[in-house]
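Q:
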Amino acid sequence: MPGATIDHLVATTVFIVAILAFISLFTQTLQTAILYQQNRHVALKASDLLDNILLSPGYPYNWGVTNATLSCFGLQQPGAAGYVVSSFALMRLTSLSGKPVEYPRGSGKWYNNISLGPGGFLFIPMSESIDYETAARLLGVNGTYGFQLDITPIVKVSISEHQANPLILKVEVSGPGFPLSGAALSYYLYRAYKTGQYPSIELFSGTAQADSAGVAYLNFPLDGVTETYTIVLYARLSGLLGVGHYSHRTFTRGAGVMPFVVDYEHGKVYLAHSWDVHDQGTPVPDYKFNSTFYILTEEFEFQPWPIANSTGMLNYGSKNYEVTTLPVAHPGFLLTTYWVGGEYGMSVMPWGIGTLSVSVMFGDNPAGNVWTATDLRQVSVDMMAYQARIICWSLKGYQVWKPGGW
Amino acid sequence: MVILILAVAFIAATLYAVLPSPRQISSPSLRQVALTTLQVLDTEKALTETVFKETTDQAWIDLQIALSATLPPNIIYNLTAYDLVQIGNIVTYSKFHTITNSKGGTGTYSEAASYLVTSTNVTFTIAPQKISGTLYILNCSDANGWWITGYTSQSLAADLRNLLSPYFNTTVMVQNTAQLGSLLNGNKISSLPHENVAKAVILNTFGEAVPIPSSYADMYYQDSYARYCYELGKRTNQYNWTWVSIVGYPFYYVSNIVKLSASQNSWGIYGMVDVGPAGLNSFLRGLDVENYPSYSYNGAWITGSPGVVYFSAGASYYSNYYGIYPSPYQTATRTLPSWIQGTYHTTAMASVFNPVSGWYAAATFKHTGTGALTAIGLTRIPDIRVTALALLMYYRPTLYKSKLTLTSGERPTQRLVVLQLSQQGGS
Chain A
1 MPGATIDHLV ATTVFIVAIL AFISLFTQTL QTAILYQQNR HVALKASDLL DNILLSPGYP
61 YNWGVTNATL SCFGLQQPGA AGYVVSSFAL MRLTSLSGKP VEYPRGSGKW YNNISLGPGG
121 FLFIPMSESI DYETAARLLG VNGTYGFQLD ITPIVKVSIS EHQANPLILK VEVSGPGFPL
181 SGAALSYYLY RAYKTGQYPS IELFSGTAQA DSAGVAYLNF PLDGVTETYT IVLYARLSGL
241 LGVGHYSHRT FTRGAGVMPF VVDYEHGKVY LAHSWDVHDQ GTPVPDYKFN STFYILTEEF
301 EFQPWPIANS TGMLNYGSKN YEVTTLPVAH PGFLLTTYWV GGEYGMSVMP WGIGTLSVSV
361 MFGDNPAGNV WTATDLRQVS VDMMAYQARI ICWSLKGYQV WKPGGW
Chain B
1 MVILILAVAF IAATLYAVLP SPRQISSPSL RQVALTTLQV LDTEKALTET VFKETTDQAW
61 IDLQIALSAT LPPNIIYNLT AYDLVQIGNI VTYSKFHTIT NSKGGTGTYS EAASYLVTST
121 NVTFTIAPQK ISGTLYILNC SDANGWWITG YTSQSLAADL RNLLSPYFNT TVMVQNTAQL
181 GSLLNGNKIS SLPHENVAKA VILNTFGEAV PIPSSYADMY YQDSYARYCY ELGKRTNQYN
241 WTWVSIVGYP FYYVSNIVKL SASQNSWGIY GMVDVGPAGL NSFLRGLDVE NYPSYSYNGA
301 WITGSPGVVY FSAGASYYSN YYGIYPSPYQ TATRTLPSWI QGTYHTTAMA SVFNPVSGWY
361 AAATFKHTGT GALTAIGLTR IPDIRVTALA LLMYYRPTLY KSKLTLTSGE RPTQRLVVLQ
421 LSQQGGS
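Those sequence lines, one after another, are chains A and B.
No gaps in the numbering here: position 377 of the first sequence is 377 in this note's numbering, and each next residue is one more.
No gaps in the numbering here: position 346 of the second sequence is 346 in this note's numbering, and each next residue is one more.
Next up, the structure:
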């Protein structure tokens, strides 16, 4: 009898151990399956979110050109069909990439900073920008999914100085996968010079063609060291359109004249003395400036558009900004040239994201999340070819967040 | 035995519980990427033009470069254009040309999107229904305009004729104020057989000013010619006209560069007299002549300035229907109030913009008897597309089914473009 009892105990123990072992094995399989399904769901959510954002203009549908409070979020160009994105709606998104700027210093008024590189500025009041929390809430994913949206130009146009005197600029045109061989180029070079009290702008425009490596060299009868200029260049091939810009200035002791959009809905812009943003030390220069708005025509040409107070002088005292107004909903760019002590500077501000192929990064940071899904679409912004990429992750569920981040 | 059963069950479950591959979970939606790539390449109709060119044409090489540049480097593509041939009720597809960046196919997993393009050699003929009345466009050479900065009345008249004449049986340009006077007297002013003064549309291209014939200036000069505006309202009612004002405050000035050569509109424009708000009030009284049988002066300012106004749902629909695309949001500073419907027995119809607090930025006020006023109360400069849209929304002529014809040779009229994508190292 004791032997049978022991046999029974051993058999039961082995049975229980075997059951537990296989439960563990099945659990692992189920766990993997659950994670796969969860990740699959996030991937589908990423695709849905991207389409929701790109195929709806939001409501009110013209929110991109007003200060309207949103009740539905979407970036599609009002009245357009398909994946056509409003360049002005993109301007109202709070940028994830640029550090906000306070203007004037100590005022508590912060501006959304969409970075353009040297000499390029785009500052929109934070109070008039759409932040990530608002967008997530309106999209119905607040607290359940996080996302980051990147809108970047497909065609990258890089311009650099190849030779200083006479000036030769090197242009490189490429997409994410290949150089744009044989692309047709149209360029506008704006050179600063002084004839009267205020600086003026001289235009050099022309066309060229990229070689098989997507490279072209542009010659100008200018001294690239002593001249201040900004060049805007369009590249086009078989329906693909991209733009690039490059600035060179001789005045380097500060940012000079900086444009701030102070009233977005009415296109009101302050041309501000940079002392109100960064104190570059003494002596603080006075700037004589000339500001010109160039509107983008349907034929992709830039035409000057008269604006108020286009010339003047700024100092860091009583006259530290000038007010001008840009045409609402008309894409173009504001080019400001300034003169101080025989040196010139230039700053450029796009009005509409597509005009100067500005990238926009909007949303939250995915760091710390175990798994993210990515999806992309090709879109048009002001006829420019862009790529919209979304990174999406789950904020709820099993094993979605790794404490301490990556 | 139990262990054996459990082991078999586990192996069976592991074998049959097929999980999706990691690539299927996390890869971008290649079908959507393919579709949007085709759409971007066709933004300027470049894809359409290329697809109908010979396979040896440089455009195909450019298309391949653009395609390669557009897609990420790890994407394999295969773009194929097919001819669509219809024989009876059967449509067949035959391959025309292929471009690809892979010699070895697109792997075991790929997705594709298709895009139908129509040759630029194909003509779509649209036959609009004709509006029965005559369209009179004021093109008077002896009058000046106001609030039409950047344009001349004559250039606006020419553009409006191009936009609207297909929808009317007869279009007549009123070349001078004398012809306008004749028209106001109920006379035909051309030899065109279908010209009809009754039920006409009178399109005033002079902005806030309205031309005045010399004979009418002699008769109806009272209150800075507000009396003339009353007469215009009466004639609009009498002949069942639709009077159209393209921008700003209607009837604010009258103009005749000969008769009023010594007068200026208070802004330095000679040949023009400032009637003021009394002009519109007088016109509306004249339009409602049954209830206001005699002229009396009313100089009250009645328009409003609601600021930015937005397309109504009807305007969005008809904008697409007629292919006229003004900006869906405009600035309105001279909008008519809703109360004129009750006071002057009119009904606001075909509003282009959603009314804001009772202000109509662009609508047709139809009198309960006869006659109507279409007023575009937007700020300068005028966008004549809004005027055209407002009129077409009011009359709603039907566009008859388009007809497809070939204009050259026997080449295919449609091709199907299929873009197939896969990722390198496909599962």
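The C-beta atom is built at its ideal place from N, Cα and C for all residues, glycine as well.
Sort LEU47(B), ASN354(B), GLN32(B), LEU35(B) by Cα distance to GLN414(B) and report the nearest one.
A: In the second sequence, counting from the first residue as 1, residue 414(B) sits at position 414. Nearest of LEU47(B), ASN354(B), GLN32(B), LEU35(B) to GLN414(B), Cα basis: LEU47(B).
Q: On the DSSP bridge assignment, give the partners of SER114(B) in chain order.
A: On the second sequence, position 114 is the one that residue 114(B) refers to. Answer by DSSP bridge pairing, in chain order: VAL418(B).
Q: Taking a Cβ distance cut-off of 8 Å, strictly less, list which residues of the segment 322–345 of chain B are near chain A, in chain order.
A: Those residues of the segment 322–345 of chain B that come within reach of chain A (Cβ to Cβ, closer than 8 Å) are TYR325, SER327, PRO328, TYR329.
Q: Just verifying my parser: in three-state terms, what is the DSSP assignment at LEU4(B)?
A: Here residue 4(B) refers to the residue found at position 4 when the second sequence is read from its first residue. It is helical.
Q: Where do the ends of the beta strand (DSSP E) carrying PHE147(A) lie?
A: Indexing the first sequence from 1 puts residue 147(A) at position 147. Its beta strand (DSSP E) spans residues 145–153.
Q: Run down chain A in chain order and give the residues with a C-beta less than 7 Å from the C-beta of SER29(B).
A: As a first step, residue 29(B) must be located in the second sequence, where it is residue number 29. Chain A residues near SER29(B): SER47, ASP375.
Q: Hey, out of MET349(A), TYR132(A), THR228(A), whose CA is closest to ALA272(A)'s CA?
A: Here residue 272(A) is taken as the residue at index 272 of the first sequence, counted from 1. If we check each option's Cα against that of ALA272(A), MET349(A) comes out closest.
Q: Would ALA308(A) count as contacting chain B if we go by Cβ distances under 7 Å?
A: Against the first sequence, residue 308(A) aligns to sequence position 308. So no, ALA308(A) is outside the interface.
Q: Rounding to the nearest angstrom, what Cα-Cα distance links GLU202(A) and SER266(B) in this structure?
A: Stepping through the first sequence from its first residue, residue 202(A) is reached at position 202. Stepping through the second sequence from its first residue, residue 266(B) is reached at position 266. If you take the alpha carbons of GLU202(A) and SER266(B), they lie about 39 Å apart.
Q: Which residue from MET258(A), VAL284(A), HIS248(A) puts its Cα closest to that of LYS124(A)?
A: On the first sequence, position 124 is the one that residue 124(A) refers to. The sequence given here has Ile at residue 124(A), not Lys. Here the closest residue by C-alpha is MET258(A).
Q: Counting along the chain, where does the alpha helix (DSSP H) carrying THR343(B) start and finish?
A: Here residue 343(B) refers to the residue found at position 343 of the second sequence. THR343(B) -> alpha helix (DSSP H) spans 340–343.
Q: Would the segment 223–241 of chain B count as touching the segment 279–297 of chain B if we require 3 or more Cβ pairs under 8 Å?
A: These segments touch.
Q: Spell out a yes or no on whether the segment 49–61 of chain A and the segment 73–82 of chain A are touching, meaning 3 or more CB-CB pairs, one atom from each, closer than 8 Å.
A: Counting Cβ pairs under 8 Å, three or more are found: they touch.
Q: Less than 7 Å between CB atoms is the rule here; does LEU419(B) satisfy it with respect to chain A?
A: As a first step, residue 419(B) is located in the second sequence; it is residue number 419 there, counting from the start. So no, LEU419(B) is outside the interface.
Q: Using 8 Å for Cβ pairs, my map puts LEU203(B) next to TYR136(B). What's the rounded Cβ distance?
A: Against the second sequence, residue 203(B) aligns to sequence position 203. Against the second sequence, residue 136(B) aligns to sequence position 136. Confirmed, about 7 Å.
Q: Using only CA atoms, which one of LEU287(B), ILE340(B), GLU195(B), VAL273(B) lies nearest to TRP146(B)?
A: Stepping through the second sequence from its first residue, residue 146(B) is reached at position 146. Of LEU287(B), ILE340(B), GLU195(B), VAL273(B), the residue nearest in Cα terms is VAL273(B).
Q: Can you have a look at TRP301(B) and say buried or exposed, based on whether 16 or more other CB atoms are within 10 angstroms of its CB?
A: Your numbering for residue 301(B) matches position 301 in the second sequence. That one is exposed.
Q: How close, in whole Å, do the beta carbons of PHE353(B) and ALA375(B) come, if the pair is a contact with beta carbons under 8 Å?
A: The residue you call residue 353(B) lines up with position 353 of the second sequence. The residue you call residue 375(B) lines up with position 375 of the second sequence. Contact flag wrong, Cβ pair sits at about 12 Å.
Q: By alpha-carbon positions, which one of TYR61(A), VAL42(A), ALA33(A) ends up nearest to PHE311(B)?
A: Along the second sequence, one-based indexing puts residue 311(B) at 311. Answer by Cα proximity: TYR61(A).
Q: Count the other CB atoms within 10 Å of the CB of TRP60(B); is the residue buried (16 or more) or exposed (fewer)?
A: Here residue 60(B) is taken as the residue at index 60 of the second sequence, counted from 1. It counts as buried.
Q: According to DSSP, CYS392(A) sits in a beta bridge with which residue or residues?
A: Along the first sequence, read from residue 1 onward, the residue named residue 392(A) stands at position 392. According to DSSP, which records beta bridges pairwise, CYS392(A) is partnered with PHE147(A), ALA373(A).
Q: Within 10 angstroms of the Cβ of THR149(B), are there 16 or more other Cβ atoms? Answer buried if so, exposed if not.
A: Reading the second sequence from its first residue, position 149 is the one you call residue 149(B). THR149(B) should be labelled exposed.
Q: If you compare alpha carbons, which of PHE206(B), TYR317(B), PRO72(B), ARG235(B) is closest to ILE257(B)?
A: For the purposes of this step, residue 257(B) is taken as the residue at position 257 of the second sequence. Minimum Cα distance to ILE257(B) is reached at PHE206(B).
Q: Using alpha carbons as the reference points, say which of ILE3(B), THR50(B), ARG385(B) lies closest to LEU163(B).
A: Taking the second sequence and counting its residues from 1, the one referred to as residue 163(B) is at position 163. It is ARG385(B) whose Cα lies nearest to the Cα of LEU163(B).
Q: In its own chain, which residues sit with a C-beta less than 7 Å from the C-beta of SER182(B), not counting the 5 before and 5 after it?
A: Within the second sequence, residue 182(B) is the residue found at index 182, counting from 1. Excluding residues within five positions, the ones whose Cβ falls inside 7 Å are ILE189.
Q: Is it the case that the Cβ atoms of GLY79(A) and PRO72(B) are separated by a distance below 7 Å?
A: Counting from 1 along the first sequence, the entry for residue 79(A) is found at position 79. Counting from 1 along the second sequence, the entry for residue 72(B) is found at position 72. Against a cut-off of 7 Å, the Cβ pair of PRO72(B) and GLY79(A) comes out as no contact.
Q: So for MET219(B), helix, strand or coil by DSSP?
A: Numbered from its first residue, the second sequence carries residue 219(B) at position 219. DSSP places MET219(B) in helix when its eight states are reduced to three.
Q: What residue range is occupied by the uninterrupted alpha helix (DSSP H) comprising VAL40(B)?
A: Locating residue 40(B) in the second sequence gives position 40, counting from the first residue. Segment 30–41, the alpha helix (DSSP H) holding VAL40(B).
Q: Can you find a C-beta in chain B that's less than 7 Å from the C-beta of SER380(A)?
A: Working through the first sequence from its first residue, we reach residue 380(A) at position 380. Yes - at least one Cβ of chain B is within 7 Å of the one on SER380(A).
Q: Please say whether THR170(B) and GLU208(B) have beta carbons closer to each other than 7 Å?
A: On the second sequence, position 208 is the one that residue 208(B) refers to. On the second sequence, position 170 is the one that residue 170(B) refers to. Not a contact, by the Cβ cut-off of 7 Å.
Q: Can we say the segment 390–402 of chain B touches the segment 51–69 of chain B, given the rule of at least three CB pairs closer than 8 Å?
A: These segments do not touch.
Q: Please classify MET219(B) as buried or exposed, where buried requires at least 16 neighbouring CB atoms within 10 angstroms.
A: Taking the first residue of the second sequence as 1, we reach residue 219(B) at position 219. MET219(B) is exposed by the Cβ-count criterion.
Q: For chain A, is any of its Cβ atoms less than 7 Å away from the one on GLU44(B)?
A: In the second sequence, the residue the question calls residue 44(B) occupies position 44. It does: the Cβ of GLU44(B) has a partner Cβ on chain A nearer than 7 Å.
Q: If we cut at 7 Å on Cβ distances, does LEU443(A) have a partner in chain B?
A: Past the edges of chain A, shown from 1 to 406, lies residue 443(A), and the structure says nothing about it.
Q: Quick one: grab the DSSP three-state call for ASP276(A).
A: Position 276 of the first sequence, counted from the first residue, corresponds to residue 276(A). Three-state DSSP puts ASP276(A) in a helix.
Q: Got a sec? Which residues, its chain only, sit under 6 Å from ARG235(B) by beta carbon, not counting five neighbours each side?
A: By 1-based counting over the second sequence, the position of residue 235(B) is 235. Cβ within range, chain order: LEU184.
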